[in-house]
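J.:
Number of protein chains: 2
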Amino acid sequence: MSLTNALPVDAAKAAKSASHTLATLPTSARNDALTAIHVALSQSKEEILAANARDLTAATKAAEDGKLSLSIVSRLDLGKKGKWEDMLKGILDVRELEDPVTLRTRLDEGLDLERVSCPIGVLLIIFEARPEVIANIASLAIKSGNAAILKGGKESTESFVAISRVISAALEATVVPNTAIQLVTTRDVIPQLLALDQYIDLVIPRGSNELVRYIKSSTKIPVLGHADGICSIYLEHTADPEMAVRVIVDSKTSYPAACNSVETLLVETASLETLLPPVAEALLAKGVSLRCDASSKKALTAKLSLHSSVILQDADESDFDTEHLSLTLAIKTVSTVTEAISHINIHGSHHTDAIITSSSPLAEQFMSSVDSAGVFWNTSTRMADGMRFGFGTEVGISTNKIHARGPVGLEGLMIYKYKIRGGGQITAEYGEGSGQRSFKHEKLLF
Amino acid sequence: MSLTNALPVDAAKAAKSASHTLATLPTSARNDALTAIHVALSQSKEEILAANARDLTAATKAAEDGKLSLSIVSRLDLGKKGKWEDMLKGILDVRELEDPVTLRTRLDEGLDLERVSCPIGVLLIIFEARPEVIANIASLAIKSGNAAILKGGKESTESFVAISRVISAALEATVVPNTAIQLVTTRDVIPQLLALDQYIDLVIPRGSNELVRYIKSSTKIPVLGHADGICSIYLEHTADPEMAVRVIVDSKTSYPAACNSVETLLVETASLETLLPPVAEALLAKGVSLRCDASSKKALTAKLSLHSSVILQDADESDFDTEHLSLTLAIKTVSTVTEAISHINIHGSHHTDAIITSSSPLAEQFMSSVDSAGVFWNTSTRMADGMRFGFGTEVGISTNKIHARGPVGLEGLMIYKYKIRGGGQITAEYGEGSGQRSFKHEKLLF
Numbered sequence: 001m002s003l004t005n006a007l008p009v010d011a012a013k014a015a016k017s018a019s020h021t022l023a024t025l026p027t028s029a030r031n032d033a034l035t036a037i038h039v040a041l042s043q044s045k046e047e048i049l050a051a052n053a054r055d056l057t058a059a060t061k062a063a064e065d066g067k068l069s070l071s072i073v074s075r076l077d078l079g080k081k082g083k084w085e086d087m088l089k090g091i092l093d094v095r096e097l098e099d100p101v102t103l104r105t106r107l108d109e110g111l112d113l114e115r116v117s118c119p120i121g122v123l124l125i126i127f128e129a130r131p132e133v134i135a136n137i138a139s140l141a142i143k144s145g146n147a148a149i150l151k152g153g154k155e156s157t158e159s160f161v162a163i164s165r166v167i168s169a170a171l172e173a174t175v176v177p178n179t180a181i182q183l184v185t186t187r188d189v190i191p192q193l194l195a196l197d198q199y200i201d202l203v204i205p206r207g208s209n210e211l212v213r214y215i216k217s218s219t220k221i222p223v224l225g226h227a228d229g230i231c232s233i234y235l236e237h238t239a240d241p242e243m244a245v246r247v248i249v250d251s252k253t254s255y256p257a258a259c260n261s262v263e264t265l266l267v268e269t270a271s272l273e274t275l276l277p278p279v280a281e282a283l284l285a286k287g288v289s290l291r292c293d294a295s296s297k298k299a300l301t302a303k304l305s306l307h308s309s310v311i312l313q314d315a316d317e318s319d320f321d322t323e324h325l326s327l328t329l330a331i332k333t334v335s336t337v338t339e340a341i342s343h344i345n346i347h348g349s350h351h352t353d354a355i356i357t358s359s360s361p362l363a364e365q366f367m368s369s370v371d372s373a374g375v376f377w378n379t380s381t382r383m384a385d386g387m388r389f390g391f392g393t394e395v396g397i398s399t400n401k402i403h404a405r406g407p408v409g410l411e412g413l414m415i416y417k418y419k420i421r422g423g424g425q426i427t428a429e430y431g432e433g434s435g436q437r438s439f440k441h442e443k444l445l446f
Numbered sequence: 001m002s003l004t005n006a007l008p009v010d011a012a013k014a015a016k017s018a019s020h021t022l023a024t025l026p027t028s029a030r031n032d033a034l035t036a037i038h039v040a041l042s043q044s045k046e047e048i049l050a051a052n053a054r055d056l057t058a059a060t061k062a063a064e065d066g067k068l069s070l071s072i073v074s075r076l077d078l079g080k081k082g083k084w085e086d087m088l089k090g091i092l093d094v095r096e097l098e099d100p101v102t103l104r105t106r107l108d109e110g111l112d113l114e115r116v117s118c119p120i121g122v123l124l125i126i127f128e129a130r131p132e133v134i135a136n137i138a139s140l141a142i143k144s145g146n147a148a149i150l151k152g153g154k155e156s157t158e159s160f161v162a163i164s165r166v167i168s169a170a171l172e173a174t175v176v177p178n179t180a181i182q183l184v185t186t187r188d189v190i191p192q193l194l195a196l197d198q199y200i201d202l203v204i205p206r207g208s209n210e211l212v213r214y215i216k217s218s219t220k221i222p223v224l225g226h227a228d229g230i231c232s233i234y235l236e237h238t239a240d241p242e243m244a245v246r247v248i249v250d251s252k253t254s255y256p257a258a259c260n261s262v263e264t265l266l267v268e269t270a271s272l273e274t275l276l277p278p279v280a281e282a283l284l285a286k287g288v289s290l291r292c293d294a295s296s297k298k299a300l301t302a303k304l305s306l307h308s309s310v311i312l313q314d315a316d317e318s319d320f321d322t323e324h325l326s327l328t329l330a331i332k333t334v335s336t337v338t339e340a341i342s343h344i345n346i347h348g349s350h351h352t353d354a355i356i357t358s359s360s361p362l363a364e365q366f367m368s369s370v371d372s373a374g375v376f377w378n379t380s381t382r383m384a385d386g387m388r389f390g391f392g393t394e395v396g397i398s399t400n401k402i403h404a405r406g407p408v409g410l411e412g413l414m415i416y417k418y419k420i421r422g423g424g425q426i427t428a429e430y431g432e433g434s435g436q437r438s439f440k441h442e443k444l445l446f
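Chains as they are written, first to last, in the UniProt record's numbering: chain A, 1 to 446; chain B, 1 to 446.
1. Just list the residues that DSSP pairs Y234 of chain B with in beta bridges.
2. Extract the residue ranges of the beta strand (DSSP E) inside the region 97-171 of chain B, only unbroken runs of 3 or more that lie entirely within it.
3. At 9 angstroms on the CB atoms, spell out the chain A contacts of A340 of chain B, in chain order.
4. What residues from the region 220-238 of chain A come within 9 angstroms of chain B, judged by C-beta to C-beta, listed N to C?
5. Which residue comes first and which comes last in the beta strand (DSSP E) that contains Y418 of chain A?
6. Which bits of chain B does E85 of chain A rub up against, with CB to CB less than 9 angstroms?
7. I want to know whether the region 377-391 of chain B touches the region 407-422 of chain B - three or more CB-CB distances under 8 angstroms.
8. Compare the C-alpha of E128 of chain A against each of A:S208, A:S289, A:A315 and name the closest.
9. Going along chain A, which residues have a C-beta under 8 angstroms from R165 of chain B?
10. Would you identify the three-state DSSP class for Q192 of chain B, choosing helix, strand or coil?
11. Note down, in chain order, every chain A residue with its Cβ under 7 angstroms from the Cβ of H324 of chain B.
12. Between I311 of chain A and L284 of chain A, how many whole angstroms is the CB-CB distance? I'm expecting something under 8 angstroms.
13. Let me check understanding here. Comparing Cα to Cα, which of B:A354, B:R291, B:V279 lies closest to D319 of chain B?
14. Name the DSSP beta bridge partners of T333 of chain A, please?
15. Identify the continuous beta strand (DSSP E) that holds V212 of chain B and give its terminal residues.
16. Quick check: what's the CA-CA separation for L340 of chain B versus R130 of chain B?
17. Is F391 of chain A helix, strand or coil when you go by DSSP?
18. Since S398 of chain B and H226 of chain B are thought to touch, with beta carbons under 8 angstroms apart, how far apart are those beta carbons, to the nearest angstrom?
19. May I ask which residues mark the beginning and end of the alpha helix (DSSP H) holding R246 of chain A?
20. For R437 of chain B, list the residues DSSP reports as bridge partners.
21. Report the option in A:T186, A:P191, A:E432, A:R213 whose CA atom is closest to the CA atom of T157 of chain A.
22. Can you tell me where the beta strand (DSSP E) with P205 of chain B in it begins and where it stops?
23. Can I200 of chain A and L224 of chain A be called in contact, C-beta distance under 8 angstroms?
24. Interface residues of chain A around G374 of chain B at Cβ under 9 angstroms?
25. In this structure, how does DSSP classify P26 of chain A when only helix, strand and coil are distinguished?
26. Does the separation of the CB atoms of V288 of chain A and V245 of chain A fall below 8 angstroms?
27. Rounded to the nearest angstrom, what separates D314 of chain A and S335 of chain A at their Cα positions?
28. What does C292 of chain A pair with, by DSSP beta-bridge criteria?
29. Could you work out which residue in B:A299, B:I190, B:K252 is closest to E268 of chain B when comparing CA atoms only?
30. If I follow the unbroken alpha helix (DSSP H) through L76 of chain B, where does it start and stop?
31. Counting only beta-carbon separations shorter than 8 angstroms, does T274 of chain B have a partner in chain A?
32. Spell out the partners DSSP gives F376 of chain A in its beta bridges.
33. Taking I233 of chain A as the reference, give the member of A:E96, A:K303, A:I344 with the closest Cα.
34. List, in chain order, every chain A residue whose beta-carbon is nearer than 7 angstroms to that of G121 of chain B.
35. Going by DSSP, name the residue or residues bridged to residue 451 of chain A.
36. Tell me the residue span of the alpha helix (DSSP H) that contains L284 of chain B.
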């Protein structure tokens, strides 16, 4: 990894060249580099967390001055319970991943087709806060044989520089080229990088929806990611009440700044007086602001004590199209699963949506018909995560309809090529005519 | 299928709505629709070929007047040997394909993750000639559960209209919505269609590189395809002479207008006087114009009879960056496999490249290092084809580095979603802390 002040075009050229080297390194060499990074980061915990604390102090002040959102401050904190450990564990998990499966077909005797996975080439990762992203991405890029250019947000500069120095020193002792992972710290280079489609093969933005929208509209390079995370939960009347409380509270409060947190609760009319009150009480006890439509407000006001009811807010239409990223939840009443599905397909962001019900047919209908990357039954929307899915770590969560959808791990950073090993076969000898050969198309095992 | 003069936005909206219906139809219903199309097309062969003959007459005249390239005329001909049969066989092959494999992981006891493939949504297919594309695409779209909007070139209007009428009538008797496949025949609608990124999920252009380049630079919708097909063959000195002749002649002459035909022959210096002369003689006998660099021209002039040598042409630099799409082949001398790889990675179009050699290590080096969708050893570049690969048929050949690369069949029209079936599990109960659970990440069989 190198910290570069090079011109974007030179950084991109160097990355392209490094990607060719990286693509031909054996798995063992790439795994050794990951081990080296893990050891080095473990040994430098104190120094990196100190740098992160400096970022956090500055960001907290900026937030107090109204110049930065609290959700960014929250994402910035590398000392947050479990975050450092998850980051380190992610590197080892990635190291253990196997190369994605390929396809093999015998086209004819002595004519074998093989599909082998290979790296995409050069990735451009643009991120705002979340310092752990740098370790996640560096390990996934090295494991998959891609070169990467990382451009971090100014809020987390100290953390990034500290982490990248450690990774850079660790890579020195390996065969991975130093230019394979480059951290660009110069300002205002994003437009220049986005124009380099001859060198950069994929852009992965991680940050606010403004950032992602800007990037998507400013480049011809394919962009992998999501702008919004407007996730919904549909609370059906046969749901187990205790389960409903657990799952909804976890989905809303375990990390409100995350894109997989729930933003809208769709309550079946038949659940308004039975399931909604205990759910609302648990949420209010956790400090969640509830923005209710008329029916849910009426039901809650009747059921809850006056003390609680005074803090119920009225939802307006825009609340159902908003990613609050904070302890705010919009509540809407729907009469059927069909209405819930339709609401989610129109107002959601095709990220992750869940149903809580004890009816298997309703759950299956919901999961088939909701057009989202994640469709969950009786579990938290926050399960949508590469680490929880077993991908080691993730480069982000995609709401794209092509290439990779949902949490993107190693597989999303790979493409494939087709190899054929033949013995002089030509196309003119195959066909339907007399004396012509037919393809066998026999699947071969790996 | 409907032939529509509707506004592009209305066609796109109708397609989106049909895609939701199509996505929930069972496999049997989609297969029945393919059977109906196959029967109907078989019965209407005469009528469709007559329409195609009218297109062909007009195009031939336009070509004579210099208004249309001969390669377009060649692609237009549905009566060309085997083309009609291949088109019909493609429909049945697609019907027999199985839904792409999914992933299943037990995250924890009673918490199962499943990745299921699902259609992308709405495809926009823009094509110039090649009337068979309409049957290929319609069958792949229906099989995969995508809706499709087809916009054909004016050269093949008669053929398209004839084919789409037959398919439309066949679909009437099935449960596939009529708006699932729409043929847009109004002119000048392409810019409007390319702006509809809220309804259209993927654009697949099939036509000249000018068309593809225009489309890629005019839309935010992902584009799948290739602009150029500059394919090369590297002739190494240990190649079997008879095999070299067979493979190179097939790669150049079996269908010169195809994107997978060879355009550049890279001859190892050590092959100049041994292998090149018989190859060149065979090509010249088939009417191929050879554009030679100085070394290859010198070698050929010395070896071949004067009669042949007078028709050797001099190559200029642009010949190695040109897709001739005709009986023209550029010949360049290189000293090593490394020089051949480097030439291909710089001048090729990352489509399909082949090596002819009897050395397995050289072949493996070539296939690993050439950054192309197809890398072949001892077989024709024209093997790069969805039907030959066993995909039934193809929507095109992609040189993209994401989603789908090489011949794109059913799998390239699918994406996936993640389903989780749980029992109330929440993220807060998992972690490294005491009393917390760990994910099992146990792979399940299908």
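Don't be surprised by glycine CBs; every beta carbon is placed ideally from N, CA and C.
T.: By the coordinates alone:
1. B:L266, B:I355
2. 103-108, 111-119, 122-127, 147-152
3. None at all; the shortest Cβ gap to chain A is about 15 angstroms.
4. K220, P222, L224
5. 414-425
6. G431, E432
7. yes
8. A:S208
9. Chain A residues near R165 of chain B: none, gap ~26 angstroms exceeds 8 angstroms.
10. helix
11. The contacting residues do not exist; H324 of chain B stays about 19 angstroms from chain A at best.
12. 7 angstroms
13. B:R291
14. A:V267
15. That residue, V212 of chain B, is in no beta strand (DSSP E); its alpha helix (DSSP H) goes 209-216.
16. Per the sequence shown, residue 340 of chain B should be read as Ala rather than Leu. Rounded to whole angstroms, A340 of chain B to R130 of chain B spans 33 angstroms at the Cα level.
17. In this structure, F391 of chain A counts as coil in the three-state DSSP scheme.
18. 6 angstroms
19. 241-253
20. B:Y430
21. A:T186
22. 202-206
23. no
24. K417, Y418, K419, I420
25. It is coil, neither helix nor strand.
26. no
27. Their Cα atoms are separated by approximately 20 angstroms.
28. A:D314, A:I331
29. B:A299
30. 70-76
31. Not an interface residue.
32. A:A354, B:I420
33. Checked all of A:E96, A:K303, A:I344; the closest Cα to I233 of chain A is A:I344.
34. Here the neighbours are K401.
35. This structure leaves residue 451 of chain A out entirely; chain A is present only between 1 and 446.
36. 276-285
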